[in-house]
Amino acid sequence: MSENEHINVIPLRGMRGMIASNMRRSLDEAAQLTHHAECELDALLSFKEALAESGTKVSIEDLLADCVVKTLARHPGLNGRIEDKEIRQYRNVHLGFAIALPGDKLVAPVVFDANEKSLTERADARKNLLERARKGDLSVPEMTAGTFTLSNLGRSRVRFFTPIVNLPQLAILGIGETYTRPIEDGAGRWQSRRFMGLSLTFDHRAVDGGPAAAFLSELCEEIESAGR
1 MSENEHINVI
11 PLRGMRGMIA
21 SNMRRSLDEA
31 AQLTHHAECE
41 LDALLSFKEA
51 LAESGTKVSI
61 EDLLADCVVK
71 TLARHPGLNG
81 RIEDKEIRQY
91 RNVHLGFAIA
101 LPGDKLVAPV
111 VFDANEKSLT
121 ERADARKNLL
131 ERARKGDLSV
141 PEMTAGTFTL
151 SNLGRSRVRF
161 FTPIVNLPQL
171 AILGIGETYT
181 RPIEDGAGRW
191 QSRRFMGLSL
201 TFDHRAVDGG
211 PAAAFLSELC
221 EEIESAGR
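Quick look at the structure:
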């Protein structure tokens, strides 16, 4: 192949090299498995609209994070890290948000003690993280001390995917696109409902398939009952 055929050459060093190294290490070290599910989104979207009408403006990602935090409280086995050959489960949720930055950079800064914050407090903290991530103003603990991560591709046409666990964390949730499809209501009538694809990757060294499936199922139920 002629070198003239290259349209660009990107050295695997600096931030890009660190990302590549971390991704490779994650796949080398962790026994990763992904469960996929779809959940109805109408209740969550209606709840978002009701909040906006009352003066509280939050994003779908903020509402999903709220559902994740509530579900992790019932499934602490997915909220943790593997360190020094130990599975360490945490009481508080240090929630990471995967963020793509200009220059093909990827970070997952952490909202500490996300379970102790209100919906609006957590939303403000996430916005603050995003702003500081764009400025390169994150601390080392904010970039490395998470216990669970969200990776959001909801604005794309990707419905399900396989997010890579952010070691040494135990699990990561991938958020896919929102889409509409018809469903039968049981009386022979068809209705259009909005759905979202969810993908949970977990480290099978620490989490078995059954508990992971139970978490994902209950998360869907939490989303489908939002605002009730």
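With this note's numbering, the residue at position 103 of the sequence shown is 103, and numbering never jumps.
Note that CB positions come from ideal geometry on N, CA and C, so glycine has one too.
Whole-Å CB distance - residue i paired with residue j, under 8 Å assumed
i	j	result
Arg193	Asp42	6 Å
Leu78	Phe148	7 Å
Leu170	Gly80	5 Å
Lys48	Val58	7 Å
Leu216	Ala37	5 Å
Pair within 8 Å by beta-carbon distance, residue i and residue j
i	j	result
Cys67	Ile175	no
Tyr179	Arg155	no
Thr162	Thr201	yes
Leu44	Ala226	yes
Val110	Leu101	no
Glu177	Arg205	no
Ala20	Leu12	yes
Gly55	His94	no
Among the options, nearest to residue i - alpha-carbon criterion
i	options	result
Arg74	Arg228, Ala226, Pro211, Ser225	Pro211
Leu198	Ala206, Cys39, Ile10	Cys39
Gly96	Ala125, Ser26, Lys105, Glu86	Ala125
Ala52	Ser26, Thr120, Met23	Thr120
Ala31	Gly209, Arg228, Glu5, Glu221	Gly209
Asp62	Asn115, Asp185, Gln191, Lys135	Asn115
Arg134	Ala123, Ile99, Glu142	Ile99
Leu27	Glu218, Met18, Asp203	Asp203
Ala123	Ile60, Glu29, Asp104, Phe195	Ile60
Ser139	Ser118, Lys117, Phe112	Phe112
Arg181	Leu173, Ala187, Ile172, Gln191	Gln191
Asn22	Asn8, Met196, Tyr90, Lys105	Lys105
Glu29	Ile82, Glu218, Arg228	Ile82
Phe195	Ile172, Gly188, Glu221	Glu221
Leu219	His35, Asn8, Ile7, Glu5	His35
Gly103	Arg228, Val207, Gly17, Glu5	Gly17
Ile172	Ser118, Val207, Glu184	Val207
Q | Validate contact between the stretch 166-173 and the stretch 127-136 using beta carbons, cut 8 Å, 3 pairs | A | no
(Q) Quick check for students: name the residue ranges of the beta strand (DSSP E) that lie wholly in the stretch 69-154, counting only runs of 3 or more. (A) Taken in chain order, the whole beta strand (DSSP E) runs of length 3 or more contained in the stretch 69-154 are 80-83, 86-89, 95-97, 99-101, 105-107, 148-152.
(Q) As an exercise, report each continuous beta strand (DSSP E) stretch of at least 3 residues that is fully enclosed by the stretch 19-75, in chain order. (A) 32-40
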